[in-house]
Amino acid sequence: MKKINLSQIAIIVIAILILGNTVMGASVLKPRQGGTGTGEDSAVGSILVGSSTKAYAPLAVGSNGLCLIASSTATNGISWELCTSLGGSDTQILFNNAGASAGDSNLTWSSSTKNLKVSSSTIGKLIIDPEGSQTITTSTQTVISSASHVDMTINGDFLMTATPSIAAGVDGQILILHSSETTSTLDFQDDSVLAGSDIFLNGADGTLKPASSIMLLYQVAAPTGWSILSNPNQAALGASASLLDVRNTSGSSIAAGKCVYASGYNTGLGRTTIALADADDSSKMPCIGLTATIIGNNQNGEVIILGDAVGLVDTSGQSVGDGVWVSTTAGALVFTRPTVDEVQKIGEIVRANVSGNILIIGAGRTNDIPINATTTGAYNFGELFVTGAVKLSNFLSGFLKVDGSGNISTSTVSISADTNAASGDGVTVNGNQFDFDCSDVTDSGNDGISCSTQDLVVGCGRSMTCDATSVIADAELYTDTKCLWFEDPTADDDFNSIWYSTLAVTFTQVWAESDQTVTFNLQEDDGSPANILSASLVPASAATSTTAFADASFAAGSRLDLVVDSVSGTPTWVSICFTTTKND
């Protein structure tokens, strides 16, 4: 049995006096002399301080003192250590030479690596109680960092503008901010956006959402400030997803996975405002993305604008690669292309499941060909189906592409009747034949296509060549010019029947030229000759023309006569031309 003699005790007492410290809370310093509670510990030699049991008496609250620590049985040593009582129910943890606390191998300390290891799952808990609290009432407040865990009360949605936005910490400090709110959001701006915020998240903003937490690390090394270690509640995101900070101002709560459009911008909060997108309403398109989580009215949230949206939409019954479009039901998605004016393909299915994945690739743009489209060039369609009203341009070639042989380069074109037309009215193309059913075709703008009862009249002018093998049409308007030349005109010249017309025509111009003065007129001879010109035409050593007619209409079967009224000098020749048009 090992014993401590009185001379050893005297040395210990002297050491205490030299150090100028007292063992606070100790009433007696005495050796243990054997027997229960009074004898020497059979395992480890010790001196009890202020107690008749085998435990050390606690130091007084808030005081420091020297503790006599028994070493392990392997060394049989006694050493002095400085102990601190932090107050309350806190207990000073002391380790023996083997690195175990009170001999418990589940909690060990390594002096070489400075690691504290908890190796039992039953006691492996790190608990950080809230040690501070703060209420945020304005965007200009600075968040405290004087505690490891700060419980935040947020009275409204705020985009923090203070510099710094979080008070400076100490190097290596971990800070946890927790929101006890259920609706309000706190946004921190990256230092690259708000210079002096001392918050760093690679250019992105940090958001403290309702009932969530953010963990930050403070570093003194440049750039000095807080790095956000966790940005919580990033729900429904795949590895490639990108988010847009938004605010719901639609008047109602918006569920997760809904199509939304940008309705405006909130300058104070630095967020795009949103409402439900609707393919039936051009003012509510295009869709900019899907809501990542539920967003209450006048609340902040995020929209997935690009990448993998996970678990937001039921895609069961579909196949991977199927398209996804914005629906005519506000906020919804459909898996078949809608037949409306506003057509937007938002993405495609990459996982078919009740909680499916959609790869968003078409947010923010109307990237599908809309039904209500205006084209200025020729387009080739495998099939064109039109259900509403059809407006053709001045020339048919602006609507359908026709090759030199009269073939229309579409396999099928079907234009059904509008709601006020009889069944079957409209336009169809079968093979190489282009047929109009004129019972419902009108032309109020005189653009060259019109119908009278069941007849179709196509205005060709000079711009259309009719090929009998592919087009059946009447050329409704043509122009023709005839000329007559003779020598040595005299006042006695009267030529009958210089031209005969089988069709009714209209005179539009008469032109003449001579080397002297010749006065003449043209007459329509239907048995009773009558002047065509309102006044005789008088070419005199130069060309002249007129469009003034007494009667420009020329009936079918009439003959044209030329009457010379007079001459002056000795003309040797005269040339006369007339132009007519025919309107069928």
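Residues 1025 to 1608 (this note's numbering) make up the sequence shown, in order.
For each residue, glycine too, the CB sits at the ideal point set by N, CA and C.
Just the C-alpha distance for residue i and residue j, rounded to the nearest angstrom, thanks.
i, j, result
"residue 1237", "residue 1203", "6 Å"
"residue 1279", "residue 1234", "16 Å"
"residue 1346", "residue 1299", "26 Å"
"residue 1495", "residue 1266", "Only weak support is given to the placement of residue 1495: the predicted model assigns it a pLDDT of 45, under 50, and the value that follows is read from those uncertain coordinates. Taking the straight line joining both Cα atoms gives about 57 Å."
"residue 1593", "residue 1512", "11 Å"
"residue 1366", "residue 1274", "21 Å"
"residue 1157", "residue 1175", "5 Å"
"residue 1213", "residue 1360", "41 Å"
"residue 1372", "residue 1381", "9 Å"
"residue 1320", "residue 1305", "23 Å"
"residue 1328", "residue 1184", "23 Å"
"residue 1350", "residue 1370", "7 Å"
"residue 1249", "residue 1352", "48 Å"
"residue 1387", "residue 1348", "11 Å"
"residue 1549", "residue 1502", "23 Å"
"residue 1162", "residue 1208", "12 Å"
"residue 1155", "residue 1172", "7 Å"
"residue 1311", "residue 1357", "11 Å"
"residue 1385", "residue 1193", "42 Å"
"residue 1583", "residue 1547", "8 Å"
"residue 1217", "residue 1182", "16 Å"
"residue 1244", "residue 1160", "26 Å"
"residue 1362", "residue 1368", "9 Å"
"residue 1383", "residue 1318", "20 Å"
"residue 1197", "residue 1336", "37 Å"
"residue 1239", "residue 1268", "22 Å"
Could you say which of the options lies nearest to residue i if we only look at CA atoms?
i, options, result
"residue 1178", "1187, 1188, 1164", "1164"
"residue 1515", "1531, 1562, 1312, 1315", "1562"
"residue 1189", "1199, 1268, 1196, 1215", "1215"
"residue 1523", "1580, 1571, 1173", "1580"
"residue 1590", "1597, 1541, 1559", "1541"
"residue 1199", "1170, 1314, 1335", "1170"
"residue 991", "1307, 1543, 1222", "Outside the modelled stretch of the chain, which goes from 1025 to 1608, sits residue 991, for which no answer is possible."
"residue 1344", "1197, 1376, 1336, 1322", "1376"
Would you call residue i buried or exposed, if buried means 16 or more other Cβ atoms sit within 10 Å of its Cβ?
i, result
"residue 1324", "buried"
"residue 1231", "buried"
"residue 1296", "buried"
"residue 1551", "exposed"
"residue 1444", "Per-residue confidence for residue 1444 stands at a pLDDT of 36, beneath the threshold of 50, marking its modelled position as unreliable; the derived number appears in the next sentence. Classification of residue 1444: exposed, given that the 10 Å Cβ count is below 16."
"residue 1247", "exposed"
"residue 1354", "buried"
"residue 1009", "The shown model of the chain, from 1025 to 1608, leaves out residue 1009, and the question about it has no answer."
"residue 1507", "exposed"
"residue 1364", "buried"
"residue 1291", "exposed"
"residue 988", "Nothing in the structure corresponds to residue 988, since the chain is present only between 1025 and 1608."
"residue 1242", "buried"
"residue 1301", "buried"
"residue 1313", "buried"
"residue 1334", "buried"
"residue 1222", "buried"
"residue 1272", "buried"
Under 8 Å between the Cβ atoms of residue i and residue j?
i, j, result
"residue 1378", "residue 1332", "no"
"residue 1553", "residue 1585", "yes"
"residue 1303", "residue 1309", "yes"
"residue 1225", "residue 1252", "yes"
"residue 1559", "residue 1567", "no"
"residue 1598", "residue 1545", "no"
"residue 1595", "residue 1517", "no"
"residue 1166", "residue 1220", "no"
"residue 1205", "residue 1270", "no"
"residue 1526", "residue 1578", "no"
Item to complete: Specify whether the region 1284-1293 and the region 1333-1344 touch according to this definition: at least 3 beta carbon pairs, one from each stretch, less than 8 Å apart.
Response: Taking a cut-off of 8 Å for Cβ pairs, the region 1284-1293 and the region 1333-1344 do not touch, as fewer than three such pairs fall below it.
Worksheet entry | the region 1588-1607 / the region 1527-1541 touching (three or more Cβ pairs under 8 Å) | Output reads yes: the region 1527-1541 touches the region 1588-1607.
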